[in-house]
Each structure stands twice: as C-alpha cells, then as structure tokens.
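Chemist: With my numbering, the residue at position 72 of the sequence shown is 72, and numbering never jumps.
For each residue, glycine too, the CB sits at the ideal point set by N, CA and C.
Remember, predicted model here, so these are calculated numbers, not experimental data.
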Amino acid sequence: MPAPKNHLKAALAAGTPQIGIWLALASGPAAELAGGAGFDWCLIDAEHGPNTLTTIGEQLRALQGSGTNAVVRVPVREDWVIKQALDIGAQTLLVPMVHTGQDAADTVAACRYAPKGRRGMGASMARASGFGAIPDYIQTADAEICVMVQAESAQAIENIDAIAQTEGVDCVFIGPADLSADMGYPGQMKHPDVVAAIDHAITRIRAAGKAVGIIWFHPDDVRHYLDEGVTFMGVGGELSILAKALRETAQAYK
C-alpha cells in the first residue's frame, strides 16, 4: 500500500488554481470549520501562529476527510523541524526564508528519504505511515510530498531563477509583506518597486514550470494575481476573518 495521494500537488502540477486560507489560531475546531467551508486548502501556520506539533497534529486530523488539503508552514528552515512536520502527517510544506538556490536544494533534501535526501527513517513510529500500517510508505512518500519554498527577500528575487529551477521544488510562494519590508518599504506591498519585483518573480517562476503562490486579501488583488498565473492563492486567514466579523458585530449595536 503506497503513501496517500497528494491531490494538492497534482492540482498544482496540472495548473489548476487552488484557493485557500491561513489557519493561525492553533485550534482544531477552527480548522474543522475552515475545512468544511469549501476551500481547496488550509494552511496551518507554525511560523507566525502559536502552533506546536500537538496542535498541528490536531488540525491535520480535523482537516482529514474534509475534502480540503492541509498545508503546514514550518517555523524555520531546519531539517529536524521539517522531519517532524512530515512525520506527523503533513504532505505539503511551506518553508520560509529561502533566499538562494542552495537553500531551495537543502529544503528539498530535508523532505526526501535517502539516497535522494536526508529525511530521518522514523516512519514506523509516525502518523504519516499510519504508525506502520502503510508498509510501502518509505518507498512511495517522496513522490507525494509537495515542497513549497517561500521567496520573501530582495536576495530571493535576485536568485529567483536558481530557486525556481531547483529540482523537487513544486511551488515558489512570494511573501509580499516580508518582501516589501526587506526592500525598504515596510507595509507598502503595492509600492511600484515591490509590485515590479513580484511581477518579475511570477514570470520567472512560471518560466521554470513551477507553481506560483501568493497571499492577498482584497478580491480585486486576488483576481489580478490569478490572471497573472498564480495557482496557489491565499485569500485570507481565519483569525482576521473572525476578528473583522466580531468587530463589525459589536459596532452594529453601538
């Protein structure tokens, strides 16, 4: 029996736009609610959200069977962190702070078993293999892991060809907030220089045959970037949506 099919990886490879939402509340019930809402994917954020392996696992279980693909953003680009996220059952990872082609290659290696990589051989104890119930997991897991790397610095934009052309990278995600700050325009994601950098990155990533990701909250921006060829499209976060709804409800009775 092989590793489970990664439907998000297949959809991105086919060029089918996938719309999703960030999960930052570290809440199983919130993940279950979002998973049933009809998004193509939900991203469990362990970089800026207060997530641990325990809360990530809870949310992966909440999303399982919902029809919504789970993505985990790990907090740092470290082998041991990537290994734990994969072993707990994540099949799609977003890895932050990838600035060079070597960073991208190291990320891919951390997601692959030897001889193609250096992921630790602990599958028999891992949720990813059904705790040993999937006998062919080690032989088939690599093909179903979707590796997304985050380009969010001026250096990454300079090295975008090397990053996007790295074998094993499935998607390059452009982080507009960090990119704008690193370029000297904090909070100015629509500064002309930032927009030009994003457009350049999209063009080069697509030229390399890889999926492009980005997040934007306004529908007009979402439509614009879908038209530009973005296929991994983040449209918001459960925390910001909840906060907005709560404030609007409270203000309605003032």
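Applying the 10 Å Cβ sphere with the 16-neighbour rule, what's the burial state of H218?
Modeler: H218 should be labelled exposed.
Chemist: Span of the beta strand (DSSP E) holding Q84?
Modeler: Run containing Q84: none in the beta strand (DSSP E); it sits in the alpha helix (DSSP H), D79 to D87.
Chemist: Classify M125 as buried or exposed, calling it buried when 16 or more other Cβ atoms lie within 10 Å of its own Cβ.
Modeler: Exposed: under 16 other Cβ atoms inside 10 Å.
Chemist: Nearest to H99 by alpha carbon, out of Q59, A162 and L246?
Modeler: Considering only alpha carbons, the answer is A162.
Chemist: Does Q18 pass the burial test, meaning 16 or more other C-beta atoms within 10 Å, or should it be called exposed?
Modeler: Q18 is buried by the Cβ-count criterion.
Chemist: Going by Cα to Cα distance, which pick from D170, D193 and V235 is closest to Q91?
Modeler: Considering only alpha carbons, the answer is D170.
Chemist: Using the beta-carbon count (16 or more within 10 Å), is K254 buried or exposed?
Modeler: It is exposed - the Cβ of K254 has fewer than 16 other Cβ atoms within 10 Å.
Chemist: Alpha carbon to alpha carbon, how far is Q84 from Q139? Give it in angstroms, no decimals.
Modeler: One C-alpha to the other measures close to 18 Å.
Chemist: So, for H200: in the same chain, excluding its five sequence neighbours on each side, which residues have a beta-carbon less than 8 Å away from its beta-carbon?
Modeler: Result list for H200: I157 and I160, in chain order.
Chemist: So is E32 buried or exposed if we call it buried at 16+ other beta carbons inside 10 Å?
Modeler: So E32 counts as buried.
Chemist: Kindly indicate which residue of V195, V147, T107 and A24 has the alpha-carbon position closest to the one of N6.
Modeler: Closest option to N6, Cα to Cα, is V147.
Chemist: Starting from G213 and walking both ways along the beta strand (DSSP E), at which residues does that stretch end?
Modeler: Element bounds for G213: A211 to I215.
Chemist: Measuring straight from C-alpha to C-alpha, what distance separates V118 and N51?
Modeler: One detail in the question is off: residue 118 reads as Arg in this sequence, not Val. R118 and N51: Cα-Cα distance of roughly 25 Å.
Chemist: Just confirm the distance between the C-beta atoms of A208 and L179, as a whole number of angstroms; I'd bet it's less than 8 Å.
Modeler: The Cβ separation is near 18 Å, so there is no contact.
Chemist: Could you work out which residue in V95, T54, A11 and S66 is closest to V72 when comparing CA atoms only?
Modeler: Per the Cα distances, V95.
Chemist: Assuming D142 and Y113 are in contact, meaning their beta carbons sit under 8 Å apart, how far apart are those beta carbons, in whole angstroms?
Modeler: Indeed, because the Cβ distance is near 6 Å, the residues count as touching under 8 Å.
Chemist: Tell me whether V195 sits in a helix, a strand or coil according to DSSP, three-state version.
Modeler: V195: helix per DSSP, three-state reduction.
Chemist: For L25 versus E238, is the C-beta spacing smaller than 9 Å?
Modeler: Contact flag set, yes.
Chemist: Would you list the residues sitting across from A151 in a DSSP beta bridge?
Modeler: Paired residue(s): I174.
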